Every structure is written in C-alpha cells, then in structure tokens.
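Asks: Numbering (our numbering), first residue to last: 879 to 1084. Virtual Cβ for every residue (Gly too), placed ideally from N, Cα, C. None of these values were measured; they are calculated from a predicted model.
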Amino acid sequence: MASLTLARAYQQSFDTHPNATLAITGGCLNALGDMVAQMTQNFDTKEHEIHPRYDLTRTLRFFCFGITISPLIGRWNHFLEHRFPLRSIPGSNRVSIRALSKRVACDQLVMAPIGLGLFLGSMGLMEGRSAGQIKEKYTDLFKPALLTNWKVWPVAQLINFRYMPLPYRVPFQSSCGVFWTLYLSLLNAKEDQKQDINTALRRTIS
879 MASLTLARAY
889 QQSFDTHPNA
899 TLAITGGCLN
909 ALGDMVAQMT
919 QNFDTKEHEI
929 HPRYDLTRTL
939 RFFCFGITIS
949 PLIGRWNHFL
959 EHRFPLRSIP
969 GSNRVSIRAL
979 SKRVACDQLV
989 MAPIGLGLFL
999 GSMGLMEGRS
1009 AGQIKEKYTD
1019 LFKPALLTNW
1029 KVWPVAQLIN
1039 FRYMPLPYRV
1049 PFQSSCGVFW
1059 TLYLSLLNAK
1069 EDQKQDINTA
1079 LRRTIS
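#1: With 16 as the cutoff for other CB atoms within 10 Å, does D985 come out buried or exposed?
#2: Pairing CB atoms from the region 1057-1073 with CB atoms from the region 998-1014, are three or more of them under 8 angstroms?
#3: At what residues does the alpha helix (DSSP H) containing I928 begin and finish?
#4: Can you look up V1030 in the DSSP assignment and give me helix, strand or coil?
#5: CA-CA distance, L996 and G1055?
#6: Is it the case that the CB of I992 approaches a heavy atom of the ligand MG more closely than 7 angstroms?
#7: Given 8 angstroms as the limit, is there contact between the region 1036-1045 and the region 958-966, that is, 3 or more CB pairs closer than that?
#8: Considering only C-alpha positions, which residue in the set F921, W954, R939 is nearest to R931?
#9: Since D1052 and N908 are thought to touch, with beta carbons under 8 angstroms apart, how far apart are those beta carbons, to the nearest angstrom?
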C-alpha cells in the first residue's frame, strides 16, 4: 500500500514537474550510492589502519552530480523513445527486437561515454583538482570504467527500455545505479588518494 502511494505521488510529481522530480530522485539515489561506498570502505579497513571519517562533502558532490545529470538522462530517454519506437506496427502490441537492440546500442555507445566523461570531469572540478589532475583521472579511470560499464549496463538497460514506462526509466536506472555509483565512488576515491599522496610527495621534495 505504501509503495503504491509513493508511486502515485511520484507519477503526480513527474506529470507536473518532470525535470525537478528526476533531479531530486537521481540526486538522492546517487548520494545513497556514495553512502554505501563510504560504509563499505570503513568496513573493509583493517584493524591496524585508521578508520576514515564519513565525508559528507563527498556525498554532497554525488548528490549534485545526480541532480544535474538526471534531467539530461530523462531527455535522452525521451529522444530514444521517439527515435526507436518499440511498437512500430500500428495496432500491434509486438515489440520490435531490432528497435530495442538499436536503442540499447545507441545508449551504450553514445550516452555511456558522455555520462562517464561528465562524471570524471565534474568530480575533478568539485574536488578542486588541477587541469593536470583531471586529465590524469581520465587517463587512469575512463577506459576501465567504460569497459566495466559495457559488461553490466546493457542487460539493465534492456530491461529498462523493454518494461519500464518512460517516467520510471530514470528512477529504475538510478536504482540500479546505486551499485554503479558504489563502484564509481570507490574507483574515484582510490584515484583521489593516489593523487593526494603524489601531491604530498612533490611538496616534500620541493
């Protein structure tokens, strides 16, 4: 009953304020992914190591990225819906597997690299990294993260595009994305730690 009420409230909010609804939903789920990532990092800390304090600013950065990217993804889904209609035959309920495959392929070959690029760049800027450090992020993280993306997201997007109504595609993607954000958060944190150590070493030598 509660889930039905929540779904009805979401649909009503989406109908009146689609961009704001997607932004807040995506921001909250992105922040949740980073919260899980930080708790995982704390749990994996060895007994002799110092347990890291919870970084609220880091979670806020993920929230801000989710707020920004979610309306863009919503518009992208709207474009895919009209560019590759799944039921192209009038009066037929049959789904075109060819159109569905094209929709997933377009999403993974176009939006996946763009989204990942925006993530790395925006995180670097919000963290106050230099242009050289942001470039290093791209060099170290873009290719392995994109290859991992192509291993897990095509199946999720296949389900999303096939079964989810248009208003629920970004929330579904963001819900699956909690685990993806967990991965990206841990990956980004390791890169930040490496860059901070290198910066400290350079200052010591200088």
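Replies: Reading it off the structure:
#1: buried
#2: yes
#3: Unbroken run through I928: none, as it is neither H nor E.
#4: helix
#5: 15 angstroms
#6: Questions concerning the ligand MG fall outside what the structure shown contains, since it holds no ligand whatsoever.
#7: yes
#8: F921
#9: The sequence as given places Ser at residue 1052; Asp does not occur at that position. Sure, about 7 angstroms apart at Cβ, within 8 angstroms.
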